[in-house]
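The structure under discussion appears below in the form of structure tokens.
In our numbering, the protein residues as written are 99 to 285.
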């Protein structure tokens, strides 16, 4: 909702579901360009990476560890789809997945990628018919809560470690730092 100077409130309206679907040729061209861009980025960034170390670490894992890694990675990616579908009414889970996966790939591969990822999200939402204020609100709300969760996780981790008997002074300090930053950001 947008609040105007006079106090009037505009409701959020999702894009028109009756809008004609994009042309297949144009979609195929965009997909091809996207794949080419990702390939170029990966080729440039991965040429200096020690991929043999990554391969060695993966080879040392058991089947259960690899399955756990896949499950945790999938959980990490898909949970944010639900967040975006909630903060931008009318987006839907599949479009949220597309935009989140795209911006995550950009954020994790480019220097200063977070800014490019945010701009990509904004452009994708605008291309789907969402208004600027709704996009801005969605990105701010999701970003703020994402930060709160990141700052609060050390507390949860410390509680689990303390329960297991593995807490030490360094971990307690990190958890307390997270709590301090969380409190400071709320106040």
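Cβ atoms here follow ideal geometry from the backbone N, Cα and C, with glycine treated the same way.
Keep in mind it's a predicted model, so treat the numbers as computed, not measured.
Three-state class that DSSP yields for residue 100 in the structure shown: Any reading at residue 100 must be qualified, since the residue scores a pLDDT of 46, below 50, and its modelled position is unreliable; no value is offered.
Proximity below 8 Å, CB of residue 216 to CB of residue 249: Not in contact: residue 216 and residue 249 (Cβ atoms no closer than 8 Å).
Residues near residue 139 by beta carbon distance below 6 Å, same chain, minus five either side: 207.
Sub-8 Å separation of residue 185 and residue 240 beta-carbons: Cβ distance < 8 Å, so residue 185 and residue 240 count as in contact.
Under the three-state DSSP convention, the category residue 198 falls into: Here residue 198 sits in helix by DSSP.
Residue 256 beta carbon less than 8 Å from that of residue 269: The answer is yes: Cβ separation under 8 Å.
Assigned exposure category for residue 198 - 16 Cβ within 10 Å defines buried: Classification of residue 198: buried, given that the 10 Å Cβ count is 16 or more.
Under the three-state DSSP convention, the category residue 266 falls into: If DSSP states are grouped into helix, strand and coil, residue 266 belongs with coil.
Span of the alpha helix (DSSP H) around residue 222: Counting along the chain, the alpha helix (DSSP H) containing residue 222 begins and ends at 211–225.
Proximal residues to residue 79 (C-beta, below 6 Å), its chain only, five neighbours per side dropped: The structure shown does not extend to residue 79, since the chain is modelled only from 99 to 285, so the question has no answer here.
Rounded straight-line distance, which links the Cα of residue 246 to that of residue 252: Near 11 Å, if we compare the C-alpha coordinates of residue 246 and residue 252.
CB contact flag (residue 220, residue 211, <8 Å): Result no, Cβ atoms of residue 220 and residue 211 do not sit closer than 8 Å.
Rounded distance between the beta-carbons of residue 222 and residue 200, thought under 8 Å: Their Cβ separation, rounded to whole angstroms, is 7 Å, which keeps residue 200 and residue 222 in contact under 8 Å.
Range of the contiguous alpha helix (DSSP H) that encloses residue 183: Looking at the DSSP string, the run of the alpha helix (DSSP H) that includes residue 183 is 161–185.
Distance between residue 127 and residue 136 (C-alpha atoms, nearest Å): One Cα belongs to residue 136, the other to residue 127, and the distance between them is close to 14 Å.
CA-to-CA distance, residue 141 to residue 227, given in whole angstroms: Residue 227 and residue 141: Cα-Cα distance of roughly 34 Å.
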